[in-house]
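Heads up: the protein sequence lines correspond to chains A and B, in order. Following this note's numbering, the numbering of the first sequence begins with 1 at its first residue and continues without gaps. Following this note's numbering, the numbering of the second sequence begins with 1 at its first residue and continues without gaps. Virtual Cβ for every residue (Gly too), placed ideally from N, Cα, C. Just so it is clear, the structure is predicted and the values come from calculations on it, not from any experiment.
There are 2 protein chains.
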Amino acid sequence: MSETRRLPAPVPPGGTIGILGGGQLGRMLALAAARLGLKTHIYSPPNEDAPAFQVSDAQTQAAFDGAAALTSFAEACDAVTFEWENVPVTSVEHIARTRPIFPSARTLGVTQDRLFEKRLVHSLGLKTAPFANVETATDARSAVAETGTPSILKTRRMGYDGKGQAKIRSVDDALQAFERFHAAPCIVEGFVDFAFEASVVAARGLDGSFVAYDPPENIHGDHILRQSIVPSRLTDAQMKEAKAIAKGIADALDYVGVLAVELFVMTDGALLVNEIAPRVHNSGHWTIDACLVSQFENHIRAVAGWPLGTTERHSDAVMENLIGDEAADWAALAAKGGALHLYGKSEIRPGRKMGHVTYLKSKID
Amino acid sequence: MSETRRLPAPVPPGGTIGILGGGQLGRMLALAAARLGLKTHIYSPPNEDAPAFQVSDAQTQAAFDGAAALTSFAEACDAVTFEWENVPVTSVEHIARTRPIFPSARTLGVTQDRLFEKRLVHSLGLKTAPFANVETATDARSAVAETGTPSILKTRRMGYDGKGQAKIRSVDDALQAFERFHAAPCIVEGFVDFAFEASVVAARGLDGSFVAYDPPENIHGDHILRQSIVPSRLTDAQMKEAKAIAKGIADALDYVGVLAVELFVMTDGALLVNEIAPRVHNSGHWTIDACLVSQFENHIRAVAGWPLGTTERHSDAVMENLIGDEAADWAALAAKGGALHLYGKSEIRPGRKMGHVTYLKSKID
């Protein structure tokens, strides 16, 4: 593993970190890189709103599978990463031929497929909700029998914020949803009666070093994260377990960068792995304002081969997403006393993540 | 004053703030603007290292007195500010014809001249070190007689980080230094036996609202700031007085933006005004990491016509500048546990401000 891998030299200040994807995560990564004296080069598909372009030293507008564009992009960078977990694995492999790119193509191959991801989690002795693979209508019938109802049919690939998901109350529901998803490979996932949701945001360095932020408690609405609260209701033992889960997964993938592991916290105290995000994560945005070194900076540090920074929290925090119209009254939000972050997107659309606000509760309050 | 002035409309998210000057202050202003969803357009003279270019949406490379370039720059911006107090007043007036620009040309006119600045301070009933104006050799003789020796001859204009200053032990010293400064208008300033140095970093909004950070204690070496420490040794009464001094100056100038007032704290407790900086200030860099809203963000808020943000400090802090070679061992600095800021300058030069580190001391420690 890491002891035999030839490590790329760290990218020195003045070097360039390439970022595939130009959304808010790419933007906040670029801002974090700038703090460290690193330049960023953003790669974003045409016709996409790319607010990260506004804060980067260089920009490429080209399709994620454009080989020539990927080649010149890689040449212009010292190390590369991505802000979106559905970047084509072949593009990551293409870049990897000439430049260090983290997380690895292998990691993406696992996390882009819910089935592979859950199998990895199980192989580490960790728990998930009950699930079954669905590649045919016959599979769909037996999957529902296995997991019971209600349950959720999810496409194995390309799902986020509740997209590619259908609630299932019967075998018929499952068959209809499977058809609606064009018989794309799916899983059926059994409902779990969790007490609340949490996540671990952690970073693993090129040298195998590992750090994790205290896990926030996450509140969702319409499948979109609304709030992350730290500290969560997790006990100290659960926090330790949550961080160990993230470390187990990161080590198994020989992961480099920040990853997030979403957890269901069961009423009996058990922690179930819901999803792995091979990137900086919305539930870690509070780290910008409540920690000396944010998740974005730690991701850049890892990708650049720098030592990881502290994950210590100087203040307790609540992060609230601004979805769609909630960002319209920016003047009132600016006057409200929190740390306001707006993402520079060109228009407000319903369900679109436009920004977030972090409210701090100083530890002594 | 402000109640009769027609206020420009606030610059909404997506709007562009123009910044004259592309150094580290412009860079940190651009990063702060980005957090608020504002774009920045950096204007920097040719042949200057302009690290702010790397993090801005648009760039103009032209001389500070280039009328045509200033005109197109202003047209591309919604509001304009500057990171450097020696921008020509005529350029600020030029931009003011078509766009809001803050601080005002009038403010710059005062603060660019040590004599005008000290007269303003005196007119408000505030104290300074003893000083006398020097425009001729005869003035130089009488000035030294007035202030005594040792004292300092300083050019009235264009001085910073100890440049344009000479220590004076005799009338002959004064005459020689005056000649060395090409008989440019100067002042002679008497030595004051201060206990320590402090500064107030404060912001005044378009609507006349005023906020101030707790004044840090500042430690200089070779005329360059080395450390800012907060809290300082100022008593509560002195902190209150320091903030009132800044408010008095800001109100008198109908100031908009962040200003810094450097203070000498005398052994008898008196506060003397040393210098006014009409811009964000090195002694306020700790606010990035120890406050929810930094001096940079508050400056952008003021210039954009937004409500000012909180100046509350969640943690005590020590900010250390990285001068010249001190930034060379960035890997060791990155591992040291503070918040590392590197400015993206293209080369290390002796005496050059390359970055800074902020160490936090959580209030509960």
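Quiz prompt | Per DSSP, the bridge partner or partners of LYS336 of chain B | solution = DSSP, once it has assigned bridges, lists no residue as partnering LYS336 of chain B.
Practice problem: Please confirm whether GLY22 of chain A and PHE53 of chain A have their CB atoms less than 9 Å apart. | Solution: yes
Quiz item: Hey, LYS353 of chain A and ASN321 of chain A are a contact pair by Cβ (cut 8 Å); roughly how many whole angstroms apart?
Solution: 6 Å
Quiz prompt | Burial state of ALA140 of chain A, where buried means 16 or more other Cβ atoms lie within 10 Å | solution = buried
Quiz item: Mapping DSSP to helix, strand and coil, what is LYS247 of chain B?
Solution: helix
Quiz item: According to DSSP, is MET266 of chain B helix, strand or coil?
Solution: strand
Quiz item: Where does the unbroken beta strand (DSSP E) through SER199 of chain A begin, and where does it stop?
Solution: 194-204
Exercise. Report the neighbours of ALA335 of chain A on chain B: residues whose CB is nearer than 7 Å to its CB, in chain order.
Key: PRO307
Self-check item: Neighbouring residues, chain B, relative to GLN24 of chain A (Cβ below 7 Å)
Solution: Ordered by position in chain B, no residue passes the 7 Å Cβ test against GLN24 of chain A, which lies about 10 Å from the chain.
Practice problem: Return helix, strand or coil for LYS353 of chain B, following the three-state DSSP convention. | Solution: strand
Practice problem: Put ALA166 of chain B into one of helix, strand or coil per three-state DSSP. | Solution: strand
Practice problem: Return the residues of the stretch 42-72 of chain B that lie within a Cβ-Cβ distance of less than 7 Å from chain A, sorted by chain order. | Solution: GLN54, VAL55, ASP57
Quiz item: Which residues share a DSSP beta bridge with TYR43 of chain A?
Solution: A:LEU20, A:THR60
Quiz item: What is the rounded straight-line gap between the Cα of LEU153 of chain A and the Cα of GLU262 of chain A?
Solution: 18 Å
Quiz item: If you pair each beta-carbon of the stretch 251-262 of chain B with each one of the stretch 189-201 of chain B, do three or more pairs fall below 8 Å?
Solution: yes
Quiz item: Should THR310 of chain A be flagged as near chain B, meaning a C-beta pair shorter than 9 Å?
Solution: yes
Practice problem: Using a Cβ-Cβ cut-off of less than 8 Å, give me the residues of the stretch 313-337 of chain B that come near chain A, in sequence order. | Solution: HIS314, SER315, ALA327, TRP330, ALA331, ALA334, ALA335, GLY337
Quiz prompt | Collapsed DSSP secondary structure at PHE191 of chain B in the structure displayed | solution = coil
Quiz prompt | For ALA212 of chain A, the residue or residues it bridges with in DSSP | solution = A:ALA202
Quiz prompt | Proximity test, Cβ basis, 9 Å: SER346 of chain B and chain E | solution = Absent here is chain E; the protein component of the structure consists of chains A and B.
Self-check item: Straight-line gap, ALA76 of chain B to ARG99 of chain B (C-alpha atoms, nearest Å)
Solution: 10 Å
Quiz item: Can you find a C-beta in chain A that's less than 9 Å from the C-beta of ILE289 of chain B?
Solution: What sits at residue 289 of chain B in the sequence shown is Asp, not Ile. Output row for ASP289 of chain B: interface = yes.
Quiz item: Out of A:PRO215, A:ARG301, A:ARG180, A:ARG106, which has the shortest C-alpha to C-alpha gap to LEU234 of chain A?
Solution: A:PRO215
Practice problem: Over the uninterrupted alpha helix (DSSP H) stretch that includes ASP173 of chain A, give me the two end residues. | Solution: 171-180
Quiz prompt | Proximity below 9 Å, CB of LEU342 of chain A to CB of GLY37 of chain B | solution = yes
Exercise. State the start and end residues of the unbroken beta strand (DSSP E) segment that holds ILE323 of chain B.
Key: 315-323
Quiz item: In three-state DSSP terms, what is PHE131 of chain B?
Solution: strand
Quiz item: With a CB to CB cut of under 6 Å and the five nearest residues on each side skipped, what residues in its chain are close to VAL171 of chain A?
Solution: ARG141, VAL144
Exercise. Anything in chain A within Cβ reach of HIS281 of chain B, meaning under 8 Å, just list it in chain order.
Key: Neighbours of HIS281 of chain B on chain A: none; closest Cβ ~19 Å, over 8 Å.
Quiz prompt | Other residues of its chain near ALA62 of chain B: CB distance less than 6 Å, five sequence neighbours each side excluded | solution = ALA69
Practice problem: Would you tell me roughly how many angstroms separate the C-alpha atoms of HIS281 of chain A and LEU25 of chain A, rounded to the nearest one? | Solution: 8 Å
Self-check item: CA-to-CA distance, ALA317 of chain A to ASP57 of chain A, given in whole angstroms
Solution: 32 Å
Quiz item: DSSP puts ASN218 of chain A in a beta bridge; with which residues?
Solution: A:GLU197, A:SER228
Quiz item: Going straight from the alpha carbon of PRO185 of chain B to that of HIS41 of chain A, what length do you get?
Solution: 48 Å
Quiz item: Residues of chain B with CB under 8 Å from TYR343 of chain A, in chain order?
Solution: GLY37
Quiz item: Any idea what DSSP makes of ASN86 of chain B, helix, strand or coil?
Solution: coil
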